[in-house]
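**Q** Numbering (the numbering used here), first residue to last: 27 to 189. Glycine is no exception: its CB is placed at the ideal position from the N, C-alpha and C atoms. Submitted below is the structure of interest, expressed as structure tokens.
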Amino acid sequence: MEWPQPKKDGVEEWIATGLRAARMADPTIFTAVWYTDLRPALTALIKDRTVDLAIIEGYTHAAPKYGPESFLHWDTAIRRCEAAKSAGTLDRTIFCFGHITAQKNAKGEHLTGRWLEEKLREIKSRYPGMPGIAFYQDDSEPSAELRELVRHCDRLSGELWPG
């Protein structure tokens with residue numbers, strides 16, 4: 027599920043109540059939550075093991091159709107990882123890179139394997155307790171360049187987070 031930035035009072039409590047009820051109804055259920063900024067209600071759910079995996083949204087390269095405001099500055103990505111570390115939830119949190127696409131972003135820049143490798147290695151070095159990494163591939167048209175980027179992501183994640 028995606029954790030919303032609350033626009034109404036009580037929304038986070040409603041979601042927390044529902045997730046806890048789901049966990050009680052089926053203790054074997056696996057719950058993953060996609061989020062932007064870590065919030066206290068979500069932190070509590072991660073710590074009490076209602077949420078099994080928290081996924082930090084990290085659109086470090088957005089496909090052009092989403093516009094120039096849709097990508098995430100690397101400083102913001104690190105800030106989000108630092109928040110998980112400070113909250114003591116890093117062992118149940120992964121960072122998600124995206125969009126994995128061969129298209130140029132709205133600024134006219136291509137996502138490169140070299141850039142991805144540098145940033146994955148930085149995440150691994152700074153947050154060794156993070157159990158893995160994720161990649162979000164948008165609905166870009168398939169191409170040889172896209173397939174190579176995906177293979178590169180697979181190789182790097184397997185090398186840095188084996189098993």
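#1: What did DSSP end up calling valine 77 once you bin it into helix, strand or coil?
#2: Of all the alpha helix (DSSP H) runs that stay within the bounds of the region 89-145, which reach a length of 4 or more residues?
#3: Note down, in chain order, each residue of its chain lying with its Cβ closer than 8 Å to the Cβ of valine 77, except the 5 sequence neighbours on either side.
#4: Quick one: give me the first and last residue of the beta strand (DSSP E) that isoleucine 60 is part of.
#5: Starting from alanine 160, follow its DSSP beta bridges and name the residues at the other end.
#6: Look at the Cβ atom of isoleucine 126, then the Cβ atom of aspartate 165, and state whether they are nearer than 9 Å.
#7: Specify the secondary structure class of glutamate 39 as computed by DSSP and reduced to three states.
#8: Mind checking which residues open and close the alpha helix (DSSP H) that includes histidine 178?
**A** With the given structure in hand:
#1: The count along the sequence shown starts at 1 and reaches residue 77 at position 51. In the structure shown, valine 77 sits in coil (DSSP, three-state: anything other than H, G, I, E or B).
#2: Look at the region 89-145 and you find these whole runs of alpha helix (DSSP H), each 4 residues long or longer: 100-113.
#3: Here residue 77 refers to the residue found at position 51 of the sequence shown. Excluding sequence neighbours, valine 77 sits near Leu45, Thr57, Ala58, Val59, Leu68, Leu71 and Arg118.
#4: Residue 60 sits at position 34 when you count from the first residue of the sequence shown. Here residue 60 turns out to be tryptophan, not isoleucine, going by the sequence shown. Per DSSP, tryptophan 60 belongs to the beta strand (DSSP E) from 58-61.
#5: By 1-based counting over the sequence shown, the position of residue 160 is 134. Per DSSP, Cys122.
#6: Residue mapping note: residue 126 aligns to position 100 of the sequence shown, counting from 1. Residue mapping note: residue 165 aligns to position 139 of the sequence shown, counting from 1. Their beta carbons are not under 9 Å apart, which means isoleucine 126 does not touch aspartate 165 by this criterion.
#7: Indexing the sequence shown from 1 puts residue 39 at position 13. Three-state result, glutamate 39: helix.
#8: Walking along the sequence shown from the start, residue 178 turns up at place 152. Counting along the chain, the alpha helix (DSSP H) containing histidine 178 begins and ends at 170-186.
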